[in-house]
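Worksheet for the structure shown next.
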Amino acid sequence: METTQPKKVADQVAEMIADAGVKHIYAITGDSLNDLTDALVRDGRVKFVHMRHEESGAFAASAEAQLTGRLAACAGSSGPGHVHLINGLYDAQRSNAPVLALASTCASAVFGTEYFQETNPTLLFSNCNVYNEMATTPTQVPHMLQAAMQEAIGRGGVGIVGLPADVIGQPAVASYATTTPLYTDRLPEPSEAEVDAAAELINNAKTVAIFAGSGAKNAADLVNALSLKVKAPVGTTYKSQLELMGKCANYVGHMGYLGMWSAEQAIASADVIVILGMNFPYPGFFPADKKTIQVDVRAERLGRKTKVDVGVRSDTGLFLEALLPKIQAKTDSTFLDKALADYATIQAKFREPVEHPGTKGAIRPEYMLSTLDRLADDNAVFTVDTGMNNVWTSHYLTAKADRRMIGSFSHGSMANAMPMAIGAKFACPDRQVIAICGDGGFSMLMGELLTIIQYQLPVKLLVADNRSLAFVKWEMEMAGLKANETNLTNPDFGKMAQVIGFQAETVDDPAHLEAAMTRWLAAEGPALLSVVTDTDAASFSFSEQLMQSAKPGNPLSNFLPLGS
Ligand SMILES: Cc1ncc(C[n+]2csc(CCOP(=O)(O)OP(=O)(O)O)c2C)c(N)n1
Ligand SMILES: [Mg+2]
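According to the working numbering, the sequence shown is numbered sequentially starting from -15.
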């Protein structure tokens, strides 16, 4: 029996998301969102984080959800307010981050009249959601909100509810749907027949290689056990490398667009490939003439990136627990030794730009990242902008005790690092949170510097000031084009941040980098370090030939430091 209560729809929404365990909603208030803002503040359980750009709010919610595994929320007001959410929501959806997005919009009475700020959120967000509906009556709101939250949690993605201005202020309609969303710990198990089929392939193979994605992060010890038992090299995605490399003795690098040839060659030449919990965004990296086992909690992902011989819908850990007793140990380590030696060759090459850290005005970014790797906390959370920083972080960040790295790994957006650091710091106030920003990405959502100051968030911003869209410059050069329209004219970011209230400095001399970084990491409040890096640095490891033939000034690969 549904009864009308005096409280407003806005109160009901605020209560429901608080009951669902949402801790923060990242948003900018305005017009039709004002009732909700008021209700959230009166309820007091969900903190309203006042961002400077709604896109950043979606990125922040995505980061919080990825770090905690729990629902996070963002909101945008009518028209342009929620239109701004879209890029961050695409990222959350592609990252399987459970995010609730509330899009308030004009009154339902004026839909379709070209009313001021009229947009249709259901159409707008149609390609980046696990649930996407608009309530036009108060009765619908609890049902739609419950469904959006449960879908976001259950399927991992973005649940969207459109809230028109005339609905949000009306009396709420009580409903069973206001129950708290359910998190379920029960994970899918493999069938015995599937495990037997996988075991048979592995036992009959001379050589096996493992490719593990983020879906294997909670089973890293078991991945390691399998790799030790069958002498299999372990490759990862870029996204999962910090989660697995520290626990897998046979780690041979990450694979993908910017990957390492050690991992690619191992996977290309093994008799059997075991793919665990991965959905990296590239096809074409797996040889079709080999036998492949793929394990994923989501059945819909099986066979998406390569031909699969044994497809298993299962949690990786439960699969490996069932598999390991059925596996015969292998004794010949020739294949593994080659892959480990290849990885060691790459690691040795990576030392070159670290030992020759550049010149004044052109600090090698590899040196910057390797210094950061030494100095950052063992449980630091890194957020990484899209661009050359993906190359440097993938080469130089190491796992330590419990580090995490979050980026826009599937959607590939610029400007994600600073807003994600805001969400990460709210989610994990006790951990060191470091945003590794490109100068292009940093300046794209630079208003969030003010959010950081407004909340006095002790996040650490590292800006790689290479005065260019260096990644795109490299793309153009690779394609034989002239690198047009890639230069950036920047201010002294350190001085600029000081004016805003950051403990900040700019360092342009490699000799001073370590001391500056130590001061920056020791800062108690918001801190920014701008590093003037070598705009031409390009040390790639995706091709053995390219890496071995690298030379100074070669735009495709200049591993050897200029002037050495
Ligand atoms: C929102 C968005 N716009 C454009 C691109 C295309 N793009 C990818 S990387 C990149 C350059 C990034 O420059 P910067 O942040 O300075 O990083 P750098 O590569 O110089 O280290 C661009 C323009 C993108 N991925 N996302
Ligand atoms: Mg740049």
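Note that the Cβ used here is the ideal one computed from N, Cα and C, for glycine as well.
Computed from a prediction, not measured in an experiment: that's the story for all the values here.
{"query": "Close-in-space but distant-in-sequence residues of the same chain around R101 (CB under 7 Å, 5 per side omitted)", "result": "A quick correction: the sequence has Gln, not Arg, at residue 101. For Q101, where only same-chain residues beyond five positions count, the Cβ hits under 7 Å are S62, G63, P64, C90."}
{"query": "Member of F269, A76, F303, F270 whose CA lies at the smallest distance from the CA of D280", "result": "F303"}
{"query": "L24 (DSSP reduced to helix, strand or coil)", "result": "helix"}
{"query": "Residue closest to Q(-4), alpha-carbon to alpha-carbon, out of G153, A252, A364", "result": "G153"}
{"query": "Own chain partners of H68 with C-beta closer than 7 Å, once the 5 adjacent residues on each side are dropped", "result": "H37, E38, E39, G60"}
{"query": "Any non-hydrogen atom of ligand 2 closer than 7 Å to L210 Cβ", "result": "no"}
{"query": "Proximity to M128 [Cα-Cα], best of R139, G138, N116", "result": "N116"}
{"query": "Contact check, A47 vs G407, beta carbons under 8 Å", "result": "yes"}
{"query": "Collapsed DSSP secondary structure at Y115 in the structure displayed", "result": "strand"}
{"query": "Inter-stretch contact (C-beta, 8 Å, three-pair minimum) for the segment 208 to 227 and the segment 284 to 300", "result": "no"}
{"query": "G547, buried or exposed, once every other Cβ within 10 Å from all chains shown has been counted against 16", "result": "Because G547 carries a pLDDT of 49, less than 50, the predicted location of this residue cannot be relied on, and the following value inherits that uncertainty. That one is exposed."}
{"query": "Local conformation of D449 per DSSP, three classes", "result": "strand"}
{"query": "P271 vs A252 beta-carbon contact at 8 Å", "result": "yes"}
{"query": "Inter-residue spacing [alpha-carbon to alpha-carbon] between L445 and E432", "result": "11 Å"}
{"query": "Local conformation of L429 per DSSP, three classes", "result": "coil"}
{"query": "Contact under 8 Å by Cβ, K213 with A313", "result": "yes"}
{"query": "Alpha-carbon spacing of M501 relative to P494, whole angstroms", "result": "11 Å"}
{"query": "Alpha-carbon to alpha-carbon, P403 and Q416", "result": "15 Å"}
{"query": "Under 8 Å between C-beta atoms of F551 and M389", "result": "This structure cannot speak to residue 551, because the chain is shown only from -15 to 548."}
{"query": "Assigned secondary structure, L302 (DSSP; H/G/I helix, E/B strand, else coil)", "result": "helix"}
{"query": "Residues of its chain near P267, where Cβ-Cβ distance is below 6 Å and the 5 sequence neighbours each way are ignored", "result": "K289"}
{"query": "C-beta atoms of V(-7) and I9 nearer than 8 Å", "result": "no"}
{"query": "L185 vs I277 beta-carbon contact at 8 Å", "result": "yes"}
{"query": "As assigned by DSSP and simplified to three states, the class of F366", "result": "strand"}
{"query": "Close beta carbons around A(-2), own chain, < 6 Å, minus the five adjacent residues each side", "result": "A23, L24, D27"}
{"query": "CB contact flag (I437, A364, <8 Å)", "result": "no"}
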